[in-house]
Amino acid sequence: MKQSRLMSLVESVANVVVGYGVAVATQILIFPVFGLHTTLAQNLKMGAIFTIVSIARSFALRRVFEAIRMRSAK
Numbered sequence: 008m009k010q011s012r013l014m015s016l017v018e019s020v021a022n023v024v025v026g027y028g029v030a031v032a033t034q035i036l037i038f039p040v041f042g043l044h045t046t047l048a049q050n051l052k053m054g055a056i057f058t059i060v061s062i063a064r065s066f067a068l069r070r071v072f073e074a075i076r077m078r079s080a081k
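Heads up, the sequence shown is in the numbering used here, so the first residue is 8 and it goes up one at a time.
Take a look at the structure:
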């Protein structure tokens with residue numbers, strides 16, 4: 008069954024929302040190990056930027072693989 012573009016986006020967003028929390032928590036724990044000291048607000052902003060990029064990447068890859076699947080099904 009073919010996944011719609013909307014459902015591809017919904018799945019990608021859900022995946023990345025969970026990843027956002029993990030990423031921010033990881034930044035808070037790991038940055039100081041490398042001598043990087045950021046505020047919570049800075050971590051949240053960086054996480055937001057990475058999240059937007061991740062959603063776009065995930066959506067684009069999903070659409071590419073869906074196109075490949077549909078092409079090979081013909």
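Just so it is clear, CB atoms sit at the ideal spot from N, CA and C, and this is done for glycine as well.
With a cutoff of 8 Å on beta-carbon distance, Y27 and T58 are scored as near each other. In this structure, V20 and I62 form a Cβ contact; the two beta carbons are roughly 6 Å apart against a cut-off of 8 Å. Excluding the 5 residues flanking it on each side, I35 has same chain C-beta neighbours closer than 7 Å at N50, in chain order.
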